[in-house]
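Working notes for the structure below.
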Amino acid sequence: FCSILFPETGVPVRRTIQIAAPSAGGDVLIAIAEGDSSIKVTKPEAKPKTNGGSTDGDEESEEDEDEDEELREKIWKASKIIGHAAIRGVQKAGKIEITLSISDDLKITITARELGAKSSIVRGMAQLEMSP
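FYI, in this note's numbering the residues of the sequence shown are 788 to 919.
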């Protein structure tokens, strides 16, 4: 899963990314999807308390506050599939270029091609729906 456009991106917009093809080459299937985000909260591992050291209680309480911090990260997951594209006969360890263009009226044009290839350009269009 690779994010190309993020929510609240103004239109018209065009984004191009390059992704690595499978090391063995062959046929490649690309799925273009809308994504949903969620927050993943990870609690840090408890550190063993050490005996001894300083006798100042203030330093120990500050360390306890730092240990309790949770790590938060935004996770993106594919939700609604917009379309698929297939490129046949990709070279070993090749690169694929994907371009998304969204017009003012929310028509999306998707172009996928193998970099360095003389053919194998895949192009498609879809109409996006506005979410409430």
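Think of the CB as a built atom: it goes at the ideal place given N, C-alpha and C, for glycine as much as any other residue.
- The C-alpha of Thr886 is placed about 20 Å away from the C-alpha of Gln878.
- About 5 Å separates the beta carbons of Lys827 and Glu860, which is inside the 8 Å limit, making them a contact pair.
- Following the DSSP letters along the chain, one finds Glu795 in no beta strand (DSSP E), marked with neither H nor E.
- Taking 8 Å as the cut-off, the beta carbon of Ile889 is found closer than this to the beta carbon of Val800.
- Within the DSSP bridge table, the entry for Arg875 names no partner.
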